[in-house]
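Below is one structure, written out as structure tokens; the observations come after it.
Protein chains: 2
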Amino acid sequence: MREDTRTRIQEVALRLFTEQGYEATSLREIAEELGVTKAALYYHFKTKDDIVASLVDLRIAEIEDLLAWAKSQPKTLEMRRELLERYAENLKLPRTLQVARFLERNQTAMRDHPKIAKMRETMLALTAEMSEPGDPAVDRISRALALFALHAGKWLTLQDDLTEDEVDKACREVARRLLEI
Amino acid sequence: MREDTRTRIQEVALRLFTEQGYEATSLREIAEELGVTKAALYYHFKTKDDIVASLVDLRIAEIEDLLAWAKSQPKTLEMRRELLERYAENLKLPRTLQVARFLERNQTAMRDHPKIAKMRETMLALTAEMSEPGDPAVDRISRALALFALHAGKWLTLQDDLTEDEVDKACREVARRLLEI
DNA sequence: GTCTATACACTGATAGAC
DNA sequence: GTCTATCAGTGTATAGAC
């Protein structure tokens, strides 16, 4: 029971874009790995950019969901803790994690992509929801940093004798503490 | 009193690589901006990779200096504070900051570059110097994160009404606190 | 939906004149 | 040190057959 080609293209593209970079990955490479020709890709996606857009859309939707929830809540420590929890849980989903990694590693290449601008905007709004405008700068930065600490674990993994899971747990703990600093 | 071409190539390349990405920047572009031809670049650098290598070398040397200093010190809180201070001061130098930004934004593209491996290794060794092997995972991650918090300020700048300098100061304060968590 | 075939621009890199 | 000229290769994208 094999998935449709469109989904398979997304999967292979996401993996190669993340491993090698967006620019460094050619449509020929993607097509070859799928056992189809380049022309076939163009039936499913208008351009190379379009493949990326379809991936980023997923992530934007998730962050927007989080943002909507955050906006419906009072700006308390409890809410920030819960937001962090939700963000971390979301980041555990394989698809989400893959897209997040792709985005982390291809910031510059994706720089002018409208979807990326949109995502950055939403992400910014999310960090804004973690503080009141009048809060001290250190508090605001600290809370924003808490979200990014969750990502940090992914590329700190190599650290040393710690397993990926241990690093992940430690990052979450550090993130939690960043909320109360 | 104009600098030599080699240095000008490095400057332009660094700026374009950072702004547009390594792969997305062609040698033709660099040459055009300098008012020379592609062939001229090849007199000064063996390959495109070579230009990057010359830039990264600078950063590696700086981190190795820091590492050497760290190794000569006892692993105390005082030392970690001082290390953070030195790292932050170093990151203020325009050239260093530019190279650091370039590296942040082109991780994937530079993935297989031997110089990058070397740099990651040195950076890892530096974070390792901030803890004893027996320290709790949370402490170790927290301290490593302190260094990265200094970088975070650079792309959190957009945050809101805060100036770049305010964000920077706040990041340093958060980083300091991460040492004591 | 997927193929073959092709257009056309641009890439990194080299050879050799000045 | 910088140029012109050129290379082979690859890139994205399209037209049209099956």
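Going down the list, the sequences are from chains A and B. With the numbering used here, letter number 73 in the first sequence gets 73, and the count goes up by one each step, no holes. With the numbering used here, letter number 61 in the second sequence gets 61, and the count goes up by one each step, no holes. Think of the CB as a built atom: it goes at the ideal place given N, C-alpha and C, for glycine as much as any other residue.
- Nearest CB-CB separation between residue 138/A and chain B: below the 8 Å threshold.
- Residue contact with chain B for residue 12/A: absent (no Cβ-Cβ distance below 8 Å to any residue of chain B).
- With a threshold of 8 Å between beta carbons, residue 103/B makes no contact with chain A.
- With respect to the 8 Å criterion, residue 147/A and residue 87/A are classified as neighbours on the basis of their beta carbons.
- Burial check for residue 77/B: the Cβ neighbour count within 10 Å stays below 16, so the residue is exposed.
- DSSP, reduced to helix, strand and coil, places residue 130/A outside both helices and strands of the structure shown, so it counts as coil.
- Sorting 34/B, 26/B, 153/B by C-alpha distance to the C-alpha of residue 7/B places 34/B at the top.
- Against chain A, the CB of residue 21/B has a partner CB under 8 Å away; the residue lies at that interface.
- Residue contact check for residue 28/A against chain B: no CB pair falls below 8 Å.
- Look at the beta carbons and you see the region 12-25 of chain A touching the region 100-116 of chain A: at least three pairs across the two are nearer than 8 Å.
- Inter-residue distance for residue 172/A and residue 149/A is about 7 Å (C-alpha atoms, whole angstroms).
- Bounds of the alpha helix (DSSP H) holding residue 151/B are 137-156.
- Distance from the Cα of residue 134/B is smallest, within the candidate group 138/A, 116/A, 162/A, 52/A, for 162/A.
- In the three-state scheme derived from DSSP, where H, G and I count as helix and E and B as strand, residue 79/B is classed as helix.
- Going by beta carbons, residue 119/B and residue 51/B fall outside the 8 Å limit.
- Against chain B, a Cβ distance below 7 Å from residue 173/A picks out 138.
- Under the Cβ distance rule, residue 150/A does not count among the residues neighbouring chain B, no pair being separated by less than 8 Å.
- Take residue 65/A, set aside five residues on each side of it, and no residue of its chain has a beta-carbon closer than 6 Å to its own.
- Closest in C-alpha terms to residue 138/A, from the list 98/B, 39/B, 129/B, 156/B, comes 156/B.
- Rounded to the nearest angstrom, the gap between the Cα atoms of residue 81/B and residue 40/A is 57 Å.
- Per DSSP, the continuous alpha helix (DSSP H) segment holding residue 169/B begins and ends at 164-178.
- In the DSSP assignment, residue 41/B falls within the alpha helix (DSSP H) that extends over 38-44.
- Bounds of the alpha helix (DSSP H) holding residue 20/B are 5-20.
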